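Each remark here refers to the structure printed beneath this line.
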Ligand code: GDP
Ligand code: CA
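See the structure below:
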């Protein structure tokens, strides 16, 4: 089956790599990426959208492949100068090249443009080959409830502070989407689901990437109303995360760190869940009632392997 309109729900690194595979597997299709913005943060007066930028740089050929985030050939002069002023936060990596993106974005947002319009403007340079949409134009920020090591009291800190500053070392009691009640899907998101003939959940973090996207009021409903089949790819391979902190997030939600645990968390579409199909690694047995579970190689270790994975996911959307 040849797909014409594909929608992919994505976070940062896992989502970006997967999208590269989808673009290679379906070069003629119109691909829309609906990307998590819960990681977004304001630092040094600049609005930073880590997952949108990771997808944009990865698909646009500007990513630092080794790090998986930020620009290739980056330098850190501004960061060093800020540190010399003791200007907080000193723990967040803002590269010189990357800063230009945040300067342009912040200027446009301050002038009144919506994040979706700003993203489109940034993509005019990067030409990612997909339509890149933020999940919402309204600000939604993921906060993590932790126990403050000094006072012993519960405290909510921004996701970036939990992840980048504390390296996810503080036990998360809960993840909160600050601002989500006032959020709506960004322009184009609902339309993309309605027109889709395949919907894919990238192997992104099920809690703070895919979960955050699905938390935008109306978005999950729009997805479920689509005539397209929905296939998800497990971010858990061989019972462990490939990269990142999903193994710190899933237990806080009472979800087992396994392909089966995440598959059951997403649930069968026939039972009010999300999935028609669920791709798991060949070593991960998974019983997800009501879902077409398919075992495939899931490691995006090369462009070819990633394209094969995307092809398998699209294949699972065929009727
Ligand atoms: P983030 O926003 O940068 O944290 O990235 P995402 O949420 O998009 O993706 C993070 C998830 O991608 C992690 O849970 C990883 O386990 C998963 N991941 C990374 N590389 C691979 C891979 O090669 N295959 C699969 N199946 N999952 C992967
Ligand atoms: Ca992220």
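In the numbering used here, the protein residues as written are 12 to 330. All C-beta atoms, glycine included, are put in the ideal place defined by N, C-alpha and C. All values reported here derive from a predicted model rather than from experimental measurement.
Judged by DSSP secondary structure, residue 54 falls within the beta strand (DSSP E) whose first and last residues are 52-54. Contact residues of ligand 2 (beta-carbon closer than 5 Å to any heavy atom; chain order) are 22, 23, 50, 62. Secondary structure of residue 314 (DSSP, three-state): helix. Per the coordinates, the alpha-carbon of residue 41 lies some 47 Å from the alpha-carbon of residue 96. Residue 246 is not a Cβ neighbour of residue 263, given a cutoff of 7 Å. Residues of the same chain with a CB within less than 7 Å of the CB of residue 237, apart from the 5 flanking positions on each side, are 204, 205, 207, 210 in chain order. Listed in chain order, the non-local C-beta contacts of residue 59 below 6 Å within the same chain comprise 52, 113, local neighbours out to five positions each way being set aside.
Taking 8 Å as the upper bound for CB-CB distance, residue 50 and residue 171 are in contact here, some 6 Å apart.
At least 7 Å separates the beta-carbon of residue 241 from that of residue 147. Between the alpha carbons of residue 89 and residue 266 lies a distance of about 41 Å. Residue 313 has its CB no nearer than 6 Å to any heavy atom of ligand 1. Rounded to the nearest angstrom, the gap between the Cα atoms of residue 71 and residue 191 is 29 Å. Within the model, the alpha-carbon separation for residue 80 versus residue 68 is close to 8 Å. The three-state reading of DSSP puts residue 228 in coil, since its state is none of H, G, I, E or B. Taking C-beta atoms as the reference points, residue 18 and residue 46 fail to come closer than 7 Å. The segment 17-95 is shown to contain whole beta strand (DSSP E) runs of 3 or more residues at 41-46, 52-54, 57-59, in chain order. Not a single heavy atom of ligand 1 lies less than 6 Å from the C-beta of residue 187. Distances from the alpha-carbon of residue 305 to those of 105, 315, 288 put 288 closest.
Taking non-hydrogen atoms of ligand 1 into account, the C-beta of residue 228 is found less than 6 Å away from none of them. In the DSSP assignment, residue 268 falls outside any beta strand (DSSP E) and carries neither an H nor an E.
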